[in-house]
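Engineer:
There are 2 protein chains.
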Amino acid sequence: MHRPPLPISLVDTLTELLDDRFTTDPNILEDHGKDESSYPCSPPDAVCFPQSKEEVSEILKACSGTRTPVIPFGKGTSVEGQVLARQGGISIDLSRMNNILAVHQEDMDAVVQAGATRMQLNEALNGSGLFFSVDPGADATLGGMAGTRASGTNTVRYGTMRENVLALQVVLADGRIIQTSSRARKSAAGYDLTHLFIGSEGTLGIITELTVKLHPVPECISSAVCPFPSIKDAVNAVIRTIQSGVPIARIEFLDPLQIEAVNKYSNLSCEVAPTLFLEFNGTKNSVEEQSRSVQKIAAEFGGTKFEWSTDDDERHRLWQARHNAYFAALDLRPGCRAKATDVCVPISRLAECIEETAKDIALSSLNITMLGHVGDGNFHLVIVFDPSSRQERAEAESLNQRIVERALTMEGTCTGEHGIGIGKLNFLQAEKGEGVDVMRQIKSALDPLNLMNPGKIFLG
Amino acid sequence: MHRPPLPISLVDTLTELLDDRFTTDPNILEDHGKDESSYPCSPPDAVCFPQSKEEVSEILKACSGTRTPVIPFGKGTSVEGQVLARQGGISIDLSRMNNILAVHQEDMDAVVQAGATRMQLNEALNGSGLFFSVDPGADATLGGMAGTRASGTNTVRYGTMRENVLALQVVLADGRIIQTSSRARKSAAGYDLTHLFIGSEGTLGIITELTVKLHPVPECISSAVCPFPSIKDAVNAVIRTIQSGVPIARIEFLDPLQIEAVNKYSNLSCEVAPTLFLEFNGTKNSVEEQSRSVQKIAAEFGGTKFEWSTDDDERHRLWQARHNAYFAALDLRPGCRAKATDVCVPISRLAECIEETAKDIALSSLNITMLGHVGDGNFHLVIVFDPSSRQERAEAESLNQRIVERALTMEGTCTGEHGIGIGKLNFLQAEKGEGVDVMRQIKSALDPLNLMNPGKIFLG
Chain Y
17 MHRPPLPISL VDTLTELLDD RFTTDPNILE DHGKDESSYP CSPPDAVCFP
67 QSKEEVSEIL KACSGTRTPV IPFGKGTSVE GQVLARQGGI SIDLSRMNNI
117 LAVHQEDMDA VVQAGATRMQ LNEALNGSGL FFSVDPGADA TLGGMAGTRA
167 SGTNTVRYGT MRENVLALQV VLADGRIIQT SSRARKSAAG YDLTHLFIGS
217 EGTLGIITEL TVKLHPVPEC ISSAVCPFPS IKDAVNAVIR TIQSGVPIAR
267 IEFLDPLQIE AVNKYSNLSC EVAPTLFLEF NGTKNSVEEQ SRSVQKIAAE
317 FGGTKFEWST DDDERHRLWQ ARHNAYFAAL DLRPGCRAKA TDVCVPISRL
367 AECIEETAKD IALSSLNITM LGHVGDGNFH LVIVFDPSSR QERAEAESLN
417 QRIVERALTM EGTCTGEHGI GIGKLNFLQA EKGEGVDVMR QIKSALDPLN
467 LMNPGKIFLG
Chain A
17 MHRPPLPISL VDTLTELLDD RFTTDPNILE DHGKDESSYP CSPPDAVCFP
67 QSKEEVSEIL KACSGTRTPV IPFGKGTSVE GQVLARQGGI SIDLSRMNNI
117 LAVHQEDMDA VVQAGATRMQ LNEALNGSGL FFSVDPGADA TLGGMAGTRA
167 SGTNTVRYGT MRENVLALQV VLADGRIIQT SSRARKSAAG YDLTHLFIGS
217 EGTLGIITEL TVKLHPVPEC ISSAVCPFPS IKDAVNAVIR TIQSGVPIAR
267 IEFLDPLQIE AVNKYSNLSC EVAPTLFLEF NGTKNSVEEQ SRSVQKIAAE
317 FGGTKFEWST DDDERHRLWQ ARHNAYFAAL DLRPGCRAKA TDVCVPISRL
367 AECIEETAKD IALSSLNITM LGHVGDGNFH LVIVFDPSSR QERAEAESLN
417 QRIVERALTM EGTCTGEHGI GIGKLNFLQA EKGEGVDVMR QIKSALDPLN
467 LMNPGKIFLG
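As you go down the protein sequences, you meet chains Y and A in turn. If you read the first sequence in our numbering, its first letter stands for residue 17, the second for the next number, and so on. If you read the second sequence in our numbering, its first letter stands for residue 17, the second for the next number, and so on.
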């Protein structure tokens with residue numbers, strides 16, 4: 017695609033501001049034009065590496081002044097093309113703004129720059145008795161995780177980014193810097209700007225700092241694995257567990273092909289069957305009580321081989337394998353890419369939704385694994401396909417569409433945690449109807465020139 | 017204040033639409049011009065009693081067409097003047113839209129019309145094994161509670177309205193009806209419109225329907241009362257409890273004067289001392305474990321008379337007394353009104369904030385009680401004053417200002433749960449700075465004529 021070059025005045029301004037932290041090096045552009053999705057690379061025209069919110073503000077003022085698109089970039093781990101520079105412009109890489117600014121142990125919160133990653137934060141918390149809970153598979157930046165309203169395996173207990181961010185510092189399109197909220201645990205002071213920016217995928221402003229909630233490291237943690245005779249049994253055991261009120265920390269489903277992939281990729285030896293990976297957090301007594309309750313529920317659904325353990329190494333291996341499940345699925349057919357579906361439905365519809373989806377998988381010619389955060393009603397297919405095959409890509413797209421349409425008829429959502437990006441614009445319209453017009457009105461009010469990550473969430 | 021009469025065309029349209037559910041009866045206007053705050057009555061020009069979202073939409077279209085202000089009204093239990101019709105216009109009373117539309121036991125959610133109250137919902141849930149957790153003192157409507165981002169005594173465990181609303185149906189200024197989200201437990205589909213409307217105090221649209229989260233009724237509930245030698249000891253026991261990770265359900269502080277007031281008003285016989293009211297939820301074992309842990313913490317701070325009980329009647333009496341604390345304080349000086357302060361600070365600053373505030377109280381000539389949801393860092397003064405005394409009102413205002421300023425220097429907020437209304441416009445500006453401009457931009461985008469509850473949250 018032919019695009020006009022960056023305005024000379026902008027290049028001059030940014031070079032003066034950032035020196036060699038403004039670059040048009042083709043390798044760096046290439047790195048900033050792709051994410052974990054299967055979309056082809058769309059490099060930006062330049063990349064900036066700011067080191068402060070003031071620099072971000074100056075960049076945005078300069079870009080506004082020259083009508084240049086701006087795309088925030090963390091680690092490039094998005095899965096819906098959120099960081100792609102489809103309309104060119106400046107990628108703002110926040111990786112050098114990665115300081116842990118404060119850990120308030122008494123208040124159980126931390127203030128971090130947007131470029132800090134979740135694992136980096138947890139390493140900094142080591143020994144404090146506290147941890148940060150949200151854990152998408154990748155070691156994403158916290159700013160990026162807020163931008164896509166990320167979640168992960170322990171959302172069922174600790175919530176998504178939506179529940180774990182207290183306040184944001186945001187730089188707006190015109191360079192204004194705002195703080196959305198304070199460190200107070202709750203506030204009824206005006207509109208909830210924090211939640212407006214969480215999940216806005218860089219289309220309203222650039223998150224430069226976050227105040228996040230921390231949780232006490234549980235006194236005791238146990239993990240468990242349980243194979244089931246059928247997908248339906250596994251899912252029904254999940255539903256019953258949630259409804260029992262057991263404060264389960266993690267409850268993840270993996271279908272037989274995903275188990276095969278995980279066994280191979282992460283060297284586990286799980287029985288190849290519809291399987292739940294579980295975790296319990298609490299006092300020693302409470303963890304035992306929870307484990308026994310869920311063991312009993314599992315047995316009612318034929319899950320009689322429920323094995324649990326409080327061994328730390330075993331647990332870490334299990335969850336590392338789960339976090340690598342996407343890569344394990346990709347490894348089923350080396351050289352291929354994957355489309356990850358991401359629907360989420362009310363849990364009462366989950367068994368039906370998953371069973372119908374299993375039928376779709378059986379009819380497909382592609383390698384497809386199914387896994388998910390079933391405690392939240394959210395599950396993924398990893399549809400592995402050859403990106404050079406138009407037919408395979410079309411089949412992957414068509415299956416995704418079918419699954420989204422099914423979820424919407426079941427009062428669900430097209431995306432539980434991956435976001436809209438460039439891949440789900442039509443689904444968003446189908447799901448939200450006139451709500452999308454309201455979103456557009458807000459977008460126009462805060463970014464009248466449509467320069468903030470244009471083409472994401474909305475067309476145009 | 018002299019105001020032009022309602023346009024004849026509007027009166028005609030609304031009379032045709034609603035018949036006798038459109039009224040200008042002076043008694044009804046009077047009832048709709050005041051809330052639980054001490055602000056003088058500001059009646060609207062007319063009151064509508066719609067019975068459907070379509071009627072609300074028609075009313076808003078008619079009001080937009082004639083540039084007439086619109087104020088949503090639930091039960092009039094707001095405490096910052098949110099329902100006052102300072103600029104006249106139409107009060108939309110949602111009390112006839114009070115159906116519980118659906119209870120989804122498996123999904124642990126309920127769909128309700130905005131005029132249903134929290135107690136009504138909990139009565140409808142009786143026997144289902146589920147309950148709705150958010151409990152401000154009054155039996156407010158759920159729409160009103162969402163509008164002010166209400167919370168209450170068990171927020172420390174179950175969250176505020178922010179955490180307990182999954183989706184809203186909202187009618188916008190121009191009559192459009194939108195559904196902000198689905199019943200899925202999480203979603204990353206576009207901007208978070210649900211949270212934008214929660215806490216918007218009717219200034220962006222009128223909430224007509226809510227999908228709320230429900231929680232399992234705990235297997236066992238115990239309550240406890242514990243007096244302390246000093247305010248500092250009581251607050252420090254709270255802080256230590258929160259930090260210990262005990263999943264406490266309620267932890268409420270009452271100062272000695274508030275205890276005196278509650279003893280008299282609700283016929284309790286608590287020792288007159290700085291006191292905590294507590295509640296534990298869980299399995300029988302877990303509740304015992306939690307109670308013992310907190311009893312031990314209390315003892316470390318001199319709270320050796322920790323008495324706990326699983327008796328239901330005793331517990332209901334205790335919490336009923338707590339919910340009536342505001343009225344108990346008012347009863348200290350019959351015929352007077354009260355100003356309720358509402359700051360919330362990070363818990364690490366709570367002891368200092370409360371101790372400094374206690375000094376202010378000691379220096380004041382007014383009757384002032386102190387109580388609060390200290391587990392969240394949120395506490396109230398109930399400043400009782402004679403509304404006919406300009407001097408007493410000024411003293412109440414000045415004390416409120418002093419307390420808010422203190423909270424803001426401690427990284428807190430001017431309002432934990434009461435909202436901005438007409439009383440905290442300046443505080444909002446001091447707290448949010450340029451964030452308020454962003455809120456105004458959103459307001460202008462969605463309500464360009466400034467007809468939705470004008471003068472609330474923002475001036476003008």
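Even for Gly, the Cβ is constructed at its ideal location relative to N, Cα and C. It should be emphasised that the depicted structure is a prediction, and the values quoted were computed from it without experimental measurement.
My output table needs one value for Y/C360: the three-state DSSP class, helix, strand or coil.
Structural biologist: Residue numbering aside, residue 360 of chain Y sits at position 344 when the first sequence is read from its first letter. Note: Y/C360 maps to strand in three-state DSSP.
Engineer: Per DSSP, Y/M468 forms a beta bridge with which residues?
Structural biologist: Position 452 of the first sequence, counted from the first residue, corresponds to residue 468 of chain Y. Answer is Y/V86, bridged to Y/M468.
Engineer: For the alpha helix (DSSP H) holding A/S73, just list the boundary residues, first then last.
Structural biologist: Looking up residue 73 of chain A in the second sequence gives position 57. That run of the alpha helix (DSSP H) goes 69-81.
Engineer: By the criterion of Cβ-Cβ separation under 7 Å, what are the contact partners of A/G451 in chain Y?
Structural biologist: Within the second sequence, numbered from 1, the residue matching residue 451 of chain A stands at position 435. Result: I194, Q195, T196, L209.
Engineer: At what residue ranges does the segment 219-302 of chain Y contain a whole run of the alpha helix (DSSP H), taking only runs of 4 or more?
Structural biologist: 247-260, 272-282, all fully within the segment 219-302 of chain Y.
Engineer: Considering Cα atoms alone, identify which of Y/G451, Y/A341, Y/V72, Y/R353 is closest to Y/R406.
Structural biologist: Your numbering for residue 406 of chain Y matches position 390 in the first sequence. Answer by Cα proximity: Y/R353.
Engineer: Would you list the residues sitting across from A/S107 in a DSSP beta bridge?
Structural biologist: Position 91 of the second sequence holds residue 107 of chain A. Paired residue(s): A/V63, A/I87.
Engineer: Near Y/V361, what residues of its chain come up, given a Cβ to Cβ distance below 6 Å and the 5 sequence neighbours on each side ignored?
Structural biologist: Position 345 of the first sequence, counting from 1, holds the residue named residue 361 of chain Y. Same-chain partners within the cutoff: C369, G393, A423, M426, G428.
Engineer: Below 8 Å, how does it come out for the segment 263-271 of chain A and the segment 200-214 of chain A: are there three or more Cβ pairs, yes or no?
Structural biologist: The segment 263-271 of chain A, when compared against the segment 200-214 of chain A, does not touch it at the 8 Å Cβ threshold.
Engineer: With 7 Å as the threshold, decide whether the Cβ of A/I264 is near any Cβ in chain Y.
Structural biologist: For the purposes of this step, residue 264 of chain A is identified with residue 248 of the second sequence, where counting begins at 1. With 7 Å as the cut-off, A/I264 does not count as an interface residue toward chain Y.
Engineer: Pick out the complete beta strand (DSSP E) segments inside the segment 151-201 of chain A, 3 residues or longer, and give them in chain order.
Structural biologist: Taking only runs of at least 3 residues, the beta strand (DSSP E) segments lying wholly in the segment 151-201 of chain A are 181-188, 193-195.
Engineer: Could you check how far apart the C-beta atoms of A/T196 and A/L188 are, in whole angstroms? I think they sit under 8 Å.
Structural biologist: Locating residue 196 of chain A in the second sequence gives position 180, counting from the first residue. Locating residue 188 of chain A in the second sequence gives position 172, counting from the first residue. Between A/L188 and A/T196 the Cβ distance is about 11 Å, and since that is not below 8 Å, they are no contact.
Engineer: Along the segment 243-261 of chain A, what residues have a CB closer than 9 Å to any CB found in chain Y?
Structural biologist: Result list: I255, I258, Q259, S260, G261.
Engineer: From A/S107 to Y/V128, what does the alpha carbon distance come to, in whole angstroms?
Structural biologist: Here residue 107 of chain A is taken as the residue at index 91 of the second sequence, counted from 1. Here residue 128 of chain Y is taken as the residue at index 112 of the first sequence, counted from 1. Looking at the two C-alpha atoms, the distance is approximately 45 Å.
Engineer: Please confirm whether Y/C360 has its beta-carbon closer than 7 Å to some beta-carbon of chain A.
Structural biologist: Taking the first residue of the first sequence as position 1, residue 360 of chain Y is located at position 344. Yes, Y/C360 lies at the interface with chain A (some Cβ there is under 7 Å from its Cβ).
Engineer: Between the Cα of Y/A253 and those of Y/A62, Y/P21, Y/S364, Y/L465, spot the shortest distance and give me the residue it belongs to.
Structural biologist: Within the first sequence, numbered from 1, the residue matching residue 253 of chain Y stands at position 237. Per the Cα distances, Y/S364.
Engineer: Does the distance from the C-beta atom of A/F322 to that of A/C242 stay below 7 Å?
Structural biologist: Taking the first residue of the second sequence as position 1, residue 322 of chain A is located at position 306. Taking the first residue of the second sequence as position 1, residue 242 of chain A is located at position 226. Taking 7 Å as the Cβ cut-off, A/F322 and A/C242 qualify as a contacting pair.
Engineer: Given a threshold of 16 other Cβ atoms within 10 Å of its Cβ, counted over all protein chains shown, does A/S460 qualify as buried or as exposed?
Structural biologist: Looking up residue 460 of chain A in the second sequence gives position 444. Per the 10 Å Cβ criterion, exposed.
Engineer: Going by beta-carbon coordinates alone, are A/K472 and A/T219 separated by less than 7 Å?
Structural biologist: Walking along the second sequence from the start, residue 472 of chain A turns up at place 456. Walking along the second sequence from the start, residue 219 of chain A turns up at place 203. Yes.
Engineer: Would the beta-carbon of A/L334 fall within 7 Å of that of A/S239?
Structural biologist: As a working mapping, residue 334 of chain A is identified with position 318 in the second sequence. As a working mapping, residue 239 of chain A is identified with position 223 in the second sequence. The answer is yes: Cβ separation under 7 Å.
Engineer: Rounded to whole angstroms, how far is the Cβ of A/A337 from the Cβ of A/V398, which I believe are closer than 8 Å?
Structural biologist: Position 321 of the second sequence holds residue 337 of chain A. Position 382 of the second sequence holds residue 398 of chain A. Incorrect: roughly 14 Å between the Cβ atoms, too far for contact.
Engineer: Per DSSP, what kind of secondary structure is A/E323 in: helix, strand or coil?
Structural biologist: Indexing the second sequence from 1 puts residue 323 of chain A at position 307. DSSP places A/E323 in strand when its eight states are reduced to three.
Engineer: Determine contact between the segment 121-141 of chain A and the segment 381-390 of chain Y, defined as no fewer than three beta-carbon pairs at a distance below 8 Å.
Structural biologist: Because the criterion of three Cβ pairs below 8 Å is not met, the segment 121-141 of chain A and the segment 381-390 of chain Y do not touch.
Engineer: Look at the alpha carbon of A/L475 and the alpha carbon of Y/S149, and state the distance between them as a whole number of angstroms.
Structural biologist: Position 459 of the second sequence, counting from 1, holds the residue named residue 475 of chain A. Position 133 of the first sequence, counting from 1, holds the residue named residue 149 of chain Y. Computed Cα separation, rounded: 40 Å.
Engineer: Please list the partners that A/P88 has in chain Y, where partner means a Cβ-to-Cβ separation under 9 Å.
Structural biologist: Mapped onto the second sequence, residue 88 of chain A falls at position 72. In chain order: nothing, as chain Y lies at least about 16 Å away.
Engineer: Would you say Y/Q185 faces chain A, with C-beta separation under 7 Å as the test?
Structural biologist: Along the first sequence, read from residue 1 onward, the residue named residue 185 of chain Y stands at position 169. By this cut-off, Y/Q185 is not an interface position.
Engineer: Check whether the Cβ of Y/E295 lies closer than 7 Å to any Cβ atom in chain A.
Structural biologist: The sequence position of residue 295 of chain Y within the first sequence is 279, counting from 1. Not an interface residue.
Engineer: Would you mind telling me which residues of chain Y sit closer than 9 Å to A/V95, beta carbon to beta carbon, in chain order?
Structural biologist: Within the second sequence, residue 95 of chain A is the residue found at index 79, counting from 1. Ordered by position in chain Y, no residue passes the 9 Å Cβ test against A/V95, which lies about 11 Å from the chain.
Engineer: Quick check on Y/E46: buried or exposed, where buried means 16 or more other Cβ atoms within 10 Å of its Cβ?
Structural biologist: Within the first sequence, residue 46 of chain Y is the residue found at index 30, counting from 1. Result: exposed.
Engineer: Using alpha carbons as the reference points, say which of Y/L100, Y/D347, Y/G432, Y/I87 lies closest to Y/D358.
Structural biologist: Locating residue 358 of chain Y in the first sequence gives position 342, counting from the first residue. Checking every option, the nearest Cα to that of Y/D358 belongs to Y/G432.
Engineer: Are any of the Cβ atoms in chain A nearer than 7 Å to that of Y/A130?
Structural biologist: What you label residue 130 of chain Y is simply residue 114 of the first sequence in a count that begins at 1. Not an interface residue.
Engineer: When you compare the CB positions of A/F244 and A/P272, do they come within less than 7 Å of one another, or not?
Structural biologist: Taking the first residue of the second sequence as position 1, residue 244 of chain A is located at position 228. Taking the first residue of the second sequence as position 1, residue 272 of chain A is located at position 256. Not a contact, by the Cβ cut-off of 7 Å.
Engineer: Mind listing the chain A neighbours of Y/P4? Cutoff is C-beta to C-beta under 9 Å, in chain order.
Structural biologist: Given that chain Y is displayed from residue 17 to residue 476, the structure contains no residue 4 of chain Y and the question cannot be resolved.
Engineer: Examine chain Y for any beta-carbon lying closer than 7 Å to the beta-carbon of A/I363, and answer yes or no.
Structural biologist: Counting from 1 along the second sequence, the entry for residue 363 of chain A is found at position 347. With 7 Å as the cut-off, A/I363 counts as an interface residue toward chain Y.
Engineer: Taking 7 Å as the cut-off, decide whether the C-beta atoms of A/I214 and A/V186 are in contact.
Structural biologist: Counting from 1 along the second sequence, the entry for residue 214 of chain A is found at position 198. Counting from 1 along the second sequence, the entry for residue 186 of chain A is found at position 170. No, the pair does not count as a contact, with Cβ atoms beyond the cut-off.
Engineer: Look up A/K50 in the DSSP assignment and say whether it is helix, strand or coil.
Structural biologist: To locate residue 50 of chain A, count along the second sequence from 1; it is residue 34. Three-state DSSP puts A/K50 in coil, outside helix and strand.
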